[in-house]
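J.: The following block contains the structure, expressed as structure tokens.
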Amino acid sequence: MRASAPSQGRRSAKRPSPSPQPSPQRGEGASADAPASWLHLLGAHLHNLRDVDVAVPLKRLVAVTGVSGSGKSTLARDVLLTNVAAWVGQRATKAGREAMDAGKAPALVGCTGLRGFESIDRVLEVDQTPIGKTPRSCPATYIGFWDTVRKLFADTLEAKARGYGPGRFSFNTSDGRCPSCEGQGVRTIAMSFLPDVKVPCEVCHGARFNPETLAVTWRGKNIGDVLQMEVDEAVEFFASMPAIAHPLQLLKDVGLGYLTLGQPSPTLSGGEAQRIKLVTELSKVRDDVGRRGQKAPHTLYVLDEPTVGLHMQDVEKLIRVLHRLLDGGQSVVVIEHDLDLIAEADWIIDLGPEGGDGGGQLVAAGTPEDVVRAGTHTGQALAPVLSRVTSARLTVSGAWGADRVQ
Ligand SMILES: Nc1ncnc2c1ncn2[C@@H]1O[C@H](COP(=O)(O)OP(=O)(O)OP(=O)(O)O)[C@@H](O)[C@H]1O
Ligand SMILES: [Mg+2]
Ligand SMILES: [Zn+2]
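Counting in numbering that gives the first Met the number 0, the sequence shown runs from 0 upward without gaps.
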């Protein structure tokens, strides 16, 4: 059995008042530890859901649980995500806000009411689908720090003397890239009756740029070397450049230190792609605070079974990333079977009791302890995991954290 990563301590989530209250406006309750405001979804009835009312604490880790077919994806994605996205989207424009104030809200899909969404600025589903289809997309370009790397090279004396701007160091434009492979570093050979084969480019040998571009170096490395660098090495190399080092450090923190900056996105595994998406979000949290002195937009993240296909160790890394999003004041809803992740949740929405027609009801809602007490299928499975996590916490901190669930 796995020794669960010691929890960072849960955030408090007091029960919502029975009648849905309008949630605080943006700006209030800004601290991640502030009491939760609640998102209320009323009368959810899509697919097998039977008129379900749920309250979702914001700025908390919320797990939607239940046996297969109980209605988790229907509730969290098809109803919650869809409706919050439509309402938040409409509020994003002045005309939309005015229409809404005049009582013209978007039509609700699969439910009869939605309350308390006002503090949410955006909604995002983070899944394991590939992060880019073109081989020219890579972690560095996807996360967004590649532009800063290109500017760094364009600012060198050598680049200035040659008249190279940042575009010269892009493999998407023809000036600087290797003409033979068009900046891909590999060439695709079509094979009749067989899938295409990729071979290293015989001109640039994978460096992706032409010799003139590669002649420009920053601290002894050219742009092709940088793309071939592993994240672990790059964190050290760019230590003096926080805009580059920070996202690299995040990649390292989520266990992706072994990736090279230029690894083509289509070759990343599902779990790697998912963590890169989360790192992209995490780096935005910091960017927004740092650059404009404002809070990052309050985002509701929805993850449908993010642990599928992940090794136990990777689940712990994923849990760490989720905690960092929460520390940044964000809201996270995960549909989950993994008991270690469920035990970390601040709040559980447990559907069932069974799948299909035998499911679609809210069988328990509350803290993991509440769900264990309710004795549902999830509660019974969770009981031994929860006592293990609790004793791990006691060992680590000597006592329950101050923000222990009340
Ligand atoms: N588009 C649809 N049309 C009709 N029924 C559907 C549709 N999508 C899902 N269902 C049914 O609704 C029920 C709930 O499905 P849902 O996908 O929400 O389950 P789940 O709890 O997410 O299960 P799993 O853990 O297997 O992903 C199931 O009985 C399913 O067959
Ligand atoms: Mg599902
Ligand atoms: Zn080439």
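Even glycine gets a Cβ: it sits at the ideal position worked out from N, Cα and C.
Evaluate residue 408 with the Cβ neighbour count: other Cβ atoms within 10 Å of its Cβ, from every protein chain shown; 16 or more gives buried, anything less gives exposed.
T.: With the chain represented from 0 up to 405, any question about residue 408 goes unanswered, as that position is not in the structure.
J.: Let's test the definition: count the other Cβ atoms within 10 Å of the Cβ of residue 133 and tell me whether it reaches 16, buried, or not, exposed.
T.: Working through the sequence shown from its first residue, we reach residue 133 at position 134. Exposed, by the Cβ-count rule.
J.: Count the other CB atoms, across all protein chains shown, that sit within 10 Å of the CB of residue 335; report buried if there are 16 or more and exposed otherwise.
T.: Counting from 1 along the sequence shown, the entry for residue 335 is found at position 336. Residue 335 should be labelled buried.
J.: Is it the case that the Cβ atoms of residue 184 and residue 171 are separated by a distance below 8 Å?
T.: Numbered from 1 along the sequence shown, position 185 holds the residue referred to as residue 184. Numbered from 1 along the sequence shown, position 172 holds the residue referred to as residue 171. No, the Cβ-Cβ distance between residue 184 and residue 171 is not below 8 Å.
J.: Under 7 Å: does the beta carbon of residue 341 sit that close to some heavy atom of ligand 2?
T.: Reading the sequence shown from its first residue, position 342 is the one you call residue 341. No, ligand 2 has no heavy atom inside 7 Å of this Cβ.
J.: Does the distance between the C-beta of residue 82 and the nearest non-hydrogen atom of ligand 1 fall short of 7 Å?
T.: Taking the sequence shown and counting its residues from 1, the one referred to as residue 82 is at position 83. Outside the cutoff, so no.
J.: By how many angstroms is the C-alpha of residue 176 removed from the C-alpha of residue 201?
T.: What you label residue 201 is simply residue 202 of the sequence shown in a count that begins at 1. What you label residue 176 is simply residue 177 of the sequence shown in a count that begins at 1. Each residue's alpha carbon lies about 14 Å from the other.
J.: Just verifying my parser: in three-state terms, what is the DSSP assignment at residue 13?
T.: Locating residue 13 in the sequence shown gives position 14, where the first residue counts as 1. Three-state result, residue 13: coil.
J.: Assuming the contact rule is C-beta atoms closer than 8 Å, residue 53 and residue 299 should be a hit. Round their C-beta distance to whole Å, please.
T.: As a working mapping, residue 53 is identified with position 54 in the sequence shown. As a working mapping, residue 299 is identified with position 300 in the sequence shown. The pair is not a contact, with the Cβ atoms about 14 Å apart (cut-off 8 Å).
J.: Reducing DSSP to helix, strand and coil, say where residue 310 ends up.
T.: Numbered from 1 along the sequence shown, position 311 holds the residue referred to as residue 310. Reduced to three states, the DSSP call for residue 310 is coil.
J.: Assess contact between the region 33-46 and the region 110-126, defined as three or more Cβ pairs (one per stretch) separated by less than 8 Å. Is contact present?
T.: Touching, yes.
J.: Report the rounded CA-to-CA distance for residue 445 versus residue 74, giving the unit in angstroms.
T.: There is no way to answer for residue 445, as the model of the chain reaches only from 0 to 405.
J.: Taking only the alpha-carbon atoms, compute the straight-line gap between residue 67 and residue 266 and give it to the nearest angstrom.
T.: Stepping through the sequence shown from its first residue, residue 67 is reached at position 68. Stepping through the sequence shown from its first residue, residue 266 is reached at position 267. Going from the Cα of residue 67 to the Cα of residue 266 covers about 30 Å.
J.: My output table needs one value for residue 216: the three-state DSSP class, helix, strand or coil.
T.: Taking the sequence shown and counting its residues from 1, the one referred to as residue 216 is at position 217. Strand at residue 216.
J.: Under the three-state reduction of DSSP, which class applies to residue 195: helix, strand or coil?
T.: Locating residue 195 in the sequence shown gives position 196, where the first residue counts as 1. Three-state result, residue 195: strand.
J.: Can you give the Cα-Cα distance for residue 254 and residue 100, rounded to whole angstroms?
T.: As a first step, residue 254 must be located in the sequence shown, where it is residue number 255. As a first step, residue 100 must be located in the sequence shown, where it is residue number 101. Distance between the alpha carbons of residue 254 and residue 100 is about 46 Å.
J.: Exposed or buried, which one is residue 165 when buried takes at least 16 other CB atoms within 10 Å?
T.: Here residue 165 refers to the residue found at position 166 when the sequence shown is read from its first residue. So residue 165 ends up on the buried side.
J.: Please confirm whether residue 141 and residue 264 have their CB atoms less than 8 Å apart.
T.: Numbered from its first residue, the sequence shown carries residue 141 at position 142. Numbered from its first residue, the sequence shown carries residue 264 at position 265. Contact: yes.
J.: Residue range of the beta strand (DSSP E) that residue 347 falls in?
T.: On the sequence shown, position 348 is the one that residue 347 refers to. Start and end: 346-351.
J.: What are the partner residues of residue 39, as DSSP defines its beta bridges?
T.: Position 40 of the sequence shown, counted from the start, is the residue given in the question as residue 39. Residue 39 is bridged to 54 and 114.
J.: Does residue 390 come out as helix, strand or coil in the three-state DSSP assignment?
T.: Walking along the sequence shown from the start, residue 390 turns up at place 391. Helix.
J.: Taking contact to mean 3 or more Cβ pairs, one atom from each stretch, closer than 8 Å, check whether the region 213-227 and the region 185-201 are in contact.
T.: With a cut-off of 8 Å, the region 185-201 and the region 213-227 do not count as touching, because too few Cβ pairs lie within range.
J.: By alpha-carbon positions, which one of 386, 345, 393 and 359 ends up nearest to residue 10?
T.: For the purposes of this step, residue 10 is identified with residue 11 of the sequence shown, where counting begins at 1. Out of 386, 345, 393 and 359, 345 has the C-alpha closest to the C-alpha of residue 10.
J.: Taking 7 Å as the cut-off, is the CB of residue 70 close to at least one heavy atom of ligand 1?
T.: Residue numbering aside, residue 70 sits at position 71 when the sequence shown is read from its first letter. Yes.
J.: How would you write the range of the alpha helix (DSSP H) that residue 127 sits in, first residue to last?
T.: In the sequence shown, the residue the question calls residue 127 occupies position 128. Neither: residue 127 is in no alpha helix (DSSP H) and is coded neither H nor E.
J.: Quick one: Cα of residue 243 to Cα of residue 149, how far?
T.: By 1-based counting over the sequence shown, the position of residue 243 is 244. By 1-based counting over the sequence shown, the position of residue 149 is 150. C-alpha separation (whole angstroms): 11 Å.
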